Amino acid sequence: MPGRPDMQMMLPELEPWHRWLLGGLFGAFVLELVLAMTPLPVYSLAWFNFGAGFEPWQPLTRFLVQGASRQSVFNVLLSLMVLYFMLPALSGAFSRRQLGFAALAGAVGATALPLLADAVGLNVLAPALGWQSLVMVLPVLFGLHRPDADVFLVVFPMKARWFLWGGLVIALLMLLAERSLSGWESLGVWLGAVGWYHLLGPGRRKRELRAKAANIERELSRFQVLEGGRSKPQGRQTPDDTVH
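Here numbering that gives the first Met the number 0 is used: the first residue of the sequence shown is 0, the next is one more, and so on.
Shown next as structure tokens:
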């Protein structure tokens, strides 16, 4: 009989900062939708390709706007739902500081890779905007940290490692569907999160501990066990007997 899943899709217990983050992101999106109905140039903050209105600040400001469309509403609500379930699942394994650095690494990857692709002319002319791609950092971290954990999604349990490799497959499919700034973003987030985990995060600590364990094992193998003495069937020790 299968064991109980390590992570189930039930109402999680949110920490105060989780609530503030979710409420802040949702409130900012509602404010954006209101401002989009005014003459303000809200979407000048989006990231445009080279030669199509690119400005140096856009790779940063594009996270502030999500888009005013039905698709944007769906994407934002889905991303908030992922945050709602994944943040509590990771709170015991990663500190708030670590999650922040992982998100930063994902943002760096989501910026550097599209910039490079745009510089060599691989992108179609389509602007990038929104923070939703950064949400991929959380399931990737969960898949890296607990790859064998059972996760109960809807009806079927699955291994957490599928969060990791499934994220990569989705990123590649999105890139194949549209070679744009947004298409490269998801792959950049995946690479940034995996790179942070192995180079600076818990993966580095695990690697250091394994190296220490290997060194200890090598040191122990250098010792030789010496016999404690020699005994004679009927006898007693003579001056020539050597005792260690």
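Note that beta-carbon positions come from the ideal geometry of N, C-alpha and C, so glycine has one too.
Note that the structure is a prediction, hence the values are computed from the model and not measured.
### Query
Using the beta-carbon count (16 or more within 10 Å), is W46 buried or exposed?
Residue mapping note: residue 46 aligns to position 47 of the sequence shown, counting from 1. It is buried - the Cβ of W46 has at least 16 other Cβ atoms within 10 Å.
### Query
Looking at C-beta atoms only, is the number of pairs between the region 52 to 60 and the region 18 to 33 that lie closer than 8 Å three or more?
By the criterion of at least three beta-carbon pairs nearer than 8 Å, the region 52 to 60 is not in contact with the region 18 to 33.
### Query
If V193 and L143 are in contact, beta carbons under 8 Å, what's the gap, nearest whole angstrom?
By 1-based counting over the sequence shown, the position of residue 193 is 194. By 1-based counting over the sequence shown, the position of residue 143 is 144. Cβ atoms of V193 and L143 come within 8 Å of each other, at about 7 Å.
### Query
Going straight from the alpha carbon of G187 to that of G108, what length do you get?
On the sequence shown, residue 187 is found 188 positions in, with the first residue counted as 1. On the sequence shown, residue 108 is found 109 positions in, with the first residue counted as 1. Distance between G187 and G108, taken at the CA atoms: about 4 Å.
#### Entry: Opening and closing residue of the alpha helix (DSSP H) in which F49 lies
Taking the first residue of the sequence shown as position 1, residue 49 is located at position 50. Looking at the DSSP string, F49 is not in any alpha helix (DSSP H), and its letter there is neither H nor E.
### Own chain residues within Cβ distance below 8 Å of A106, not counting five before or after
As a working mapping, residue 106 is identified with position 107 in the sequence shown. Answer for A106: F62, L133, V188 and G191, listed in chain order.
#### Entry: Segments assigned alpha helix (DSSP H), at least 4 residues, entirely inside the region 6 to 44
Runs of the alpha helix (DSSP H) lying entirely within the region 6 to 44 and spanning at least 4 residues, in chain order: 15 to 34.
### Task
Could I get the ranges of all uninterrupted alpha helix (DSSP H) runs contained in the region 115 to 162, with 4 residues as the minimum, in chain order?
Fully enclosed alpha helix (DSSP H) runs of 4 or longer: 136 to 144.
### Close beta carbons around L92, own chain, < 7 Å, minus the five adjacent residues each side
Stepping through the sequence shown from its first residue, residue 92 is reached at position 93. First, the amino acid is wrong: residue 92 is Ala here, not Leu. Excluding five sequence positions before and after A92, the CB atoms of its chain that fall closer than 7 Å to its own CB belong to H144, given in chain order.
### Query
I think L79 touches F25, with their Cβ atoms under 8 Å apart; what is that distance to the nearest whole Å?
Looking up residue 79 in the sequence shown gives position 80. Looking up residue 25 in the sequence shown gives position 26. Between L79 and F25 a beta carbon distance of about 6 Å is seen, short of the 8 Å cut, so the two are scored as contacting.
### Task
Starting from Q70, trace the alpha helix (DSSP H) both ways and give me its first and last residue.
The residue labelled residue 70 in the question sits at position 71 within the sequence shown. Residues R69 to L89.
### Run of the alpha helix (DSSP H) containing W183, from where it starts to where it stops
The sequence position of residue 183 within the sequence shown is 184, counting from 1. In this chain, the alpha helix (DSSP H) harbouring W183 covers L180 to L198.
### Query
Looking only at C-alpha atoms, which of A88, Y42, L76 and L77 sits nearest to G66?
In the sequence shown, the residue the question calls residue 66 occupies position 67. When only C-alpha atoms are compared, the closest one is Y42.
### Query
Can you list, in chain order, the residues of its chain whose CB lies under 7 Å from that of E14, leaving out five sequence neighbours each side?
For the purposes of this step, residue 14 is taken as residue 15 along the sequence shown, with counting starting at 1. Result list for E14: S90, in chain order.
### Query
Shortest alpha-carbon distance to A148 belongs to which of A159, G129, L140 and V139?
Within the sequence shown, residue 148 is the residue found at index 149, counting from 1. Of the candidates A159, G129, L140 and V139, the residue whose Cα lies closest to the Cα of A148 is A159.
### D240 in three-state terms, based on DSSP
Along the sequence shown, read from residue 1 onward, the residue named residue 240 stands at position 241. Reliability of the predicted coordinates at D240 is poor, the pLDDT of 46 falling under 50, and the value obtained from them is presented with this limitation in mind. The DSSP-derived three-state label of D240 is coil.
### Task
Taking A176 and F141 to be in contact with their CB atoms under 8 Å, please state how far apart those CB atoms are, rounded to whole angstroms.
Your numbering for residue 176 matches position 177 in the sequence shown. Your numbering for residue 141 matches position 142 in the sequence shown. Taking 8 Å as the upper bound for CB-CB distance, A176 and F141 are not in contact here, some 25 Å apart.
### Query
Span of the alpha helix (DSSP H) holding Q57?
Position 58 of the sequence shown holds residue 57. Unbroken alpha helix (DSSP H) run through Q57: Q57 to T60.
### Task
Report the three-state DSSP secondary structure of A102 (helix, strand or coil).
Here the question's residue 102 lines up with position 103 in the sequence shown. Three-state result, A102: helix.
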